[in-house]
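Participant: Submitted below is the structure of interest, expressed as structure tokens.
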Amino acid sequence: MHKSASRAPSIGRDDLIGAWSLVEWQILDPCDDRVHYPFGNDAIGLLCYTPDGMMNASIARSTREALPAGSPRNANQAAQAEAFSTYFNYAGRFEMRGTSVLHHVQLALNPAMVGTVQLREAVLEDQILQLKGVESIGTERQRTHILTWRKQAQ
């Protein structure tokens, strides 16, 4: 997604409503000056925003091992850990503030995210939505997550 020298186009709440497919999830880490792809460069995902102000984000590695037959709760700890480490999800309310979207997390795969507010700078160009967020690691390090989504046809 390119940026012009002028302001980014404005984005409103209604622009987000609908379903979005993940194009790419990058993490930029200034410590090693590389681009990281947490679930590979072919990760899959679905982001949904509803008219009543709810959202849900799910992302997974495109090639995940199936859990053994039967209940996933009966899978061994290694299989459960692998399933956890190749999937990401949270859901809750959302709101717009200027060009930022705030996700108020009510439910998440990672319980530590519940009750947090995930701030994402949003840029919309045609049917491509880019959400950018900063992750603090300790007190002296930050990484930037850039998630690019494509609007699904209705």
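For what it's worth, numbering that gives the first Met the number 0 labels the leading residue of the sequence shown as 0, then goes sequentially. Beta carbons are placed, not taken as given, at the ideal position from N, Cα and C, and that holds for glycine.
(1) With distances taken from CA atoms, which of 125, 87, 12 and 131 is nearest residue 119?
(2) Starting from the Cα of residue 109, find the closest Cα among 89, 94, 103 and 116 and give me that residue.
(3) On the CB-based measure, 16 or more other CB atoms within 10 Å of its CB, does residue 83 come out buried or exposed?
(4) What are the boundary residues of the alpha helix (DSSP H) that includes residue 63?
(5) Could you give the first and the last residue of the continuous alpha helix (DSSP H) run that contains residue 81?
(6) Name the two residues that bound the continuous beta strand (DSSP E) containing residue 28.
(7) Compute the Euclidean distance between the alpha carbons of residue 1 and residue 53, then round it to the nearest angstrom.
(8) In three-state terms, what does DSSP make of residue 88?
(9) Do you know how far the Cα of residue 139 is from the Cα of residue 149?
(10) Check whether the segment 36-47 touches the segment 16-25, taking contact to mean three or more Cβ pairs, one atom from each stretch, closer than 8 Å.
(11) Quick one, which of 77, 101, 26 and 98 has its alpha-carbon nearest residue 157's?
(12) Would you tell me roughly how many angstroms separate the C-alpha atoms of residue 10 and residue 122, rounded to the nearest one?
(13) With distances taken between CB atoms, is the gap from residue 166 to residue 126 smaller than 8 Å?
(14) How would you call residue 117, buried or exposed, if buried means at least 16 neighbouring beta carbons within 10 angstroms?
Facilitator: Straight from the coordinates:
(1) As a first step, residue 119 is located in the sequence shown; it is residue number 120 there, counting from the start. Here the closest residue by C-alpha is 131.
(2) Working through the sequence shown from its first residue, we reach residue 109 at position 110. Nearest of 89, 94, 103 and 116 to residue 109, Cα basis: 89.
(3) Along the sequence shown, one-based indexing puts residue 83 at 84. Burial call: exposed.
(4) Reading the sequence shown from its first residue, position 64 is the one you call residue 63. That residue, residue 63, is in no alpha helix (DSSP H); it is neither H nor E in DSSP.
(5) Reading the sequence shown from its first residue, position 82 is the one you call residue 81. For residue 81, the uninterrupted alpha helix (DSSP H) run begins and ends at 76-84, by DSSP.
(6) Here the question's residue 28 lines up with position 29 in the sequence shown. Segment 17-28, the beta strand (DSSP E) holding residue 28.
(7) For the purposes of this step, residue 1 is taken as the residue at position 2 of the sequence shown. For the purposes of this step, residue 53 is taken as the residue at position 54 of the sequence shown. Model confidence at residue 1 stands at a pLDDT of 49, short of 50, so the residue's coordinates are unreliable; what they give is reported in the following sentence. So the alpha carbons of these two residues sit roughly 29 Å apart.
(8) On the sequence shown, position 89 is the one that residue 88 refers to. Under the three-state reduction of DSSP, residue 88 is assigned to strand.
(9) In the sequence shown, counting from the first residue as 1, residue 149 sits at position 150. In the sequence shown, counting from the first residue as 1, residue 139 sits at position 140. Going from the Cα of residue 149 to the Cα of residue 139 covers about 33 Å.
(10) Judged by Cβ distances under 8 Å, the segment 36-47 makes contact with the segment 16-25, as three or more pairs qualify.
(11) Nothing about residue 157 can be read from this structure; the chain reaches only from 0 to 153.
(12) Start at 1 with the first residue of the sequence shown, and residue 10 comes out as number 11. Start at 1 with the first residue of the sequence shown, and residue 122 comes out as number 123. Distance between the alpha carbons of residue 10 and residue 122 is about 7 Å.
(13) This structure cannot speak to residue 166, because the chain is shown only from 0 to 153.
(14) Residue 117 sits at position 118 when you count from the first residue of the sequence shown. Answer is buried; the Cβ neighbour count reaches 16.
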